[in-house]
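Trainee: Residues in the sequence shown are numbered from 581 upward in steps of one, following the numbering used here. Backbone N, C-alpha and C fix where the C-beta goes; we use that ideal spot for every residue, glycine too. So that we are looking at the same thing, I have put the structure below in structure tokens.
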Amino acid sequence: MNLYRHTGNIKSGLFILGIILIIGLLTYTRHLIDELREDNREIVRLYAEIIANTVQDENDTNLDFVFDNIIRKVQFPVIQTDPQHVPQMWKNLPESIRDSTQRTKFMSTMDKVNEPIPLIYKDETISALTFGYLHYGDSTLVHKLQWWTYIELTAIAVFIFLGFTGFTFIRNNEKRHIWVGMARETAHQLGTPVSALLGWVDWLKEHPEKTLELIPEMEADLKRLEQIGRRFSKMGSEPEMENFDLSERVTRVVDYLNRRLPTLGKKVELVNDIHPGIMITANGSLLAWSIENIIRNGIDAIDRSDGKITISLKEDEIGVKIQIKDNGRGIPKKDWKNVFRPGFSTKKSGWGLGLSLSMRIVQDIHKGKLQIRDSIRNEGTTFEISL
581 MNLYRHTGNI KSGLFILGII LIIGLLTYTR HLIDELREDN REIVRLYAEI IANTVQDEND
641 TNLDFVFDNI IRKVQFPVIQ TDPQHVPQMW KNLPESIRDS TQRTKFMSTM DKVNEPIPLI
701 YKDETISALT FGYLHYGDST LVHKLQWWTY IELTAIAVFI FLGFTGFTFI RNNEKRHIWV
761 GMARETAHQL GTPVSALLGW VDWLKEHPEK TLELIPEMEA DLKRLEQIGR RFSKMGSEPE
821 MENFDLSERV TRVVDYLNRR LPTLGKKVEL VNDIHPGIMI TANGSLLAWS IENIIRNGID
881 AIDRSDGKIT ISLKEDEIGV KIQIKDNGRG IPKKDWKNVF RPGFSTKKSG WGLGLSLSMR
941 IVQDIHKGKL QIRDSIRNEG TTFEISL
């Protein structure tokens, strides 16, 4: 229950974590882009020095070599201009740029991102002279990295949206299933004593002289209704533990179901293999409920005329073991764990809450263990509770 109280905090925490991840991704990508731009700037600065040194030579052959074998091999757009920023040579410009106006506009766009590097002529006899500039843009790798960032953010957003939508759908569907299942489970629990009481009333109408004989049976069904009310009232609250005779409590469950089997429409024999005098500290009402759910599950799994369920209760040096063995349809190996999940059922009219409630009562409340010991198709299943 405490988990539900902190649902809002969990959602806020996840939202903040998502924001931190996005900011971290953007920051790291920006850092990589800045490093790549700095590397490009160092390369262009080196080209500028080479060009400046080559210009000092009287032979233009070296200058042609620089442009043909160095500048033209770069992987990012480069424009060399004169001191008035009029383009003279260029390389790797987009194919859409065809005239000088477009070229100048593209050069201005590059200058907003990367500051042009001057071409400086140095000589001992005169002061430094700027005879041009190298304008350059981002490489293809930088553009891809920028686009990849947006692609990653979009993918993360889509994944979060689909995950949140799917999770909400599953949660709402599970809640709806549990609410309907709880209603069915309530009706299922009330069905046996209510049907029995209606039968006793009809019997009394026909045989009023049998009133004293039927009062104990009717009292048993009324106590049963009271017990069901206590069971549901304890769901979600801290259970009260008591020391009691588990053998006597399980025997009562078996005897009650045995007397009411005709109302369930089943020809099933309940075999009592319970060792007497086994004391335990637990919540007797809830523990009896879990055992009853497993027995009822076994009754529902039997389709044969010679149905049989053996309830065994023994104590050893490790603890207490309760086994409920039926000769019903059996459970496929792949579903041994699924049968304890809320909403899972192999029955056409089942809502998959009986065994999941038993699992919660045994493992969560009593720190025990509920498992399927073995199950064979058309031969039966053995459930075991260890406490």
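Under 6 Å Cβ to Cβ from Ile902, same chain only, skipping five residues before and after it: list those, please.
Mentor: Leu893, Ile965
Trainee: Which value, in whole angstroms, describes the spacing of the CA atoms of Phe595 and Ile602?
Mentor: Inter-residue distance for Phe595 and Ile602 is about 11 Å (C-alpha atoms, whole angstroms).
Trainee: Between Ser676, Glu822, Asn620, Ile659, which lies nearest to Met669 when the distance is taken from Cα to Cα?
Mentor: Ile659
Trainee: Just grab the DSSP bridge partners of Leu699 for me.
Mentor: Beta-bridge pairing links Leu699 to Gly712.
Trainee: May I have the straight-line CA-CA distance separating Gln655 from Val666, to the nearest angstrom?
Mentor: Cα to Cα, the separation comes out at about 22 Å.
Trainee: Considering only their Cβ atoms, is the gap separating Asp906 from Ala881 smaller than 8 Å?
Mentor: yes
Trainee: Thinking C-alpha only, which one of Ile736, Arg839, Thr729, Lys947 is nearest Leu777?
Mentor: The option with the nearest alpha carbon to Leu777 is Arg839.
Trainee: What is the residue span of the beta strand (DSSP E) that Ser892 lies within?
Mentor: 887-895
Trainee: Of all the options Lys702, Phe739, Ile956, which has the alpha carbon lying nearest to the alpha carbon of Ile631?
Mentor: Lys702
Trainee: Can you give me the start and stop residues for the alpha helix (DSSP H) that Gln682 sits inside?
Mentor: 680-693
Trainee: Grab me the residues of Arg953's own chain with a C-beta within less than 6 Å of its C-beta, minus the 5 sequence neighbours each way, in chain order.
Mentor: The answer, listed in chain order, is Thr962, Glu964.
Trainee: List the endpoints of the continuous alpha helix (DSSP H) containing Trp916.
Mentor: Element bounds for Trp916: n/a, residue is neither H nor E.
Trainee: Using alpha carbons as the reference points, say which of Lys913, Glu872, Gln664 lies closest to Leu699.
Mentor: Gln664
Trainee: Could you give the C-beta distance for Lys888 and Val851, rounded to a whole number, given that I count them as a contact under 8 Å?
Mentor: 6 Å
Trainee: Can you check whether the CB of Ser955 is closer than 8 Å to the CB of Gly968?
Mentor: Since the first and last residues shown for the chain are 581 and 967, residue 968 lies out of range.
Trainee: Which value, in whole angstroms, describes the spacing of the CA atoms of Ile600 and Arg957?
Mentor: 53 Å
Trainee: Would Glu822 and Gly864 qualify as a contact pair, given that the criterion is a beta-carbon distance under 8 Å?
Mentor: yes
Trainee: Between Pro856, Gly593, Gly604, Lys671, which lies nearest to Glu624 when the distance is taken from Cα to Cα?
Mentor: The residue you asked about is not Glu; residue 624 is Val in the sequence shown. With distances taken between Cα atoms, Val624 lies closest to Lys671.
Trainee: Beta carbon of Thr734, beta carbon of Leu606: below 8 Å?
Mentor: no
Trainee: Could you check if Ile602 belongs to the surroundings of the ligand ZN, using beta carbon to heavy atom distance under 7 Å?
Mentor: Among the ligands in the structure shown, none appear at all, so the ligand ZN cannot be discussed.
Trainee: Determine whether the beta carbon atoms of Leu826 and Ile795 lie at a separation below 8 Å.
Mentor: no
Trainee: DSSP three-state label for Glu818, please.
Mentor: coil
Trainee: Based on Cα-Cα distance, which residue from Tyr608, Arg804, Arg621, Arg678 lies nearest to Pro773?
Mentor: Arg804
Trainee: Give me the Cα-Cα distance between Ile879 and Ile750, rounded to the nearest whole angstrom.
Mentor: Roughly 31 Å separates the two Cα atoms.
Trainee: Note down the Cα distance separating Glu789 from Asp835, rounded to an integer number of angstroms.
Mentor: 26 Å
Trainee: What's the gap between the Cα of Ser680 and the Cα of Met687?
Mentor: The alpha-carbon of Ser680 is positioned some 10 Å away from that of Met687.
Trainee: Does the distance from the CB of Arg876 to the CB of Gly934 come in under 8 Å?
Mentor: yes
Trainee: Which class does Glu964 belong to by DSSP, given the choice of helix, strand or coil?
Mentor: When DSSP states are grouped into helix, strand and coil, Glu964 belongs to the strand group.
Trainee: Using a Cβ-Cβ cut-off of 8 Å (strictly less than) and excluding sequence neighbours within five positions of Leu770, which residues of its own chain qualify?
Mentor: Leu805, Ile808
Trainee: To which residues of the same chain is Pro856 closer than 6 Å at the C-beta, ignoring the five residues directly before and after it?
Mentor: Ser827
Trainee: At what residues does the beta strand (DSSP E) containing Ile854 begin and finish?
Mentor: 848-854
Trainee: Check for me: the alpha helix (DSSP H) holding Ser719 runs from which residue to which?
Mentor: That residue, Ser719, is in no alpha helix (DSSP H); it is neither H nor E in DSSP.
Trainee: Ignore the nearest five residues each way along the sequence and tell me which others in Val722's own chain have a CB closer than 6 Å to its CB.
Mentor: Ile613, Leu616
Trainee: So for Ser676, helix, strand or coil by DSSP?
Mentor: coil
Trainee: Pop quiz: Ile874 and Ser938 are said to be a contact at Cβ under 8 Å. What is the actual Cβ separation, rounded to whole angstroms?
Mentor: 6 Å
Trainee: Can you give me the start and stop residues for the alpha helix (DSSP H) that Arg839 sits inside?
Mentor: 826-840
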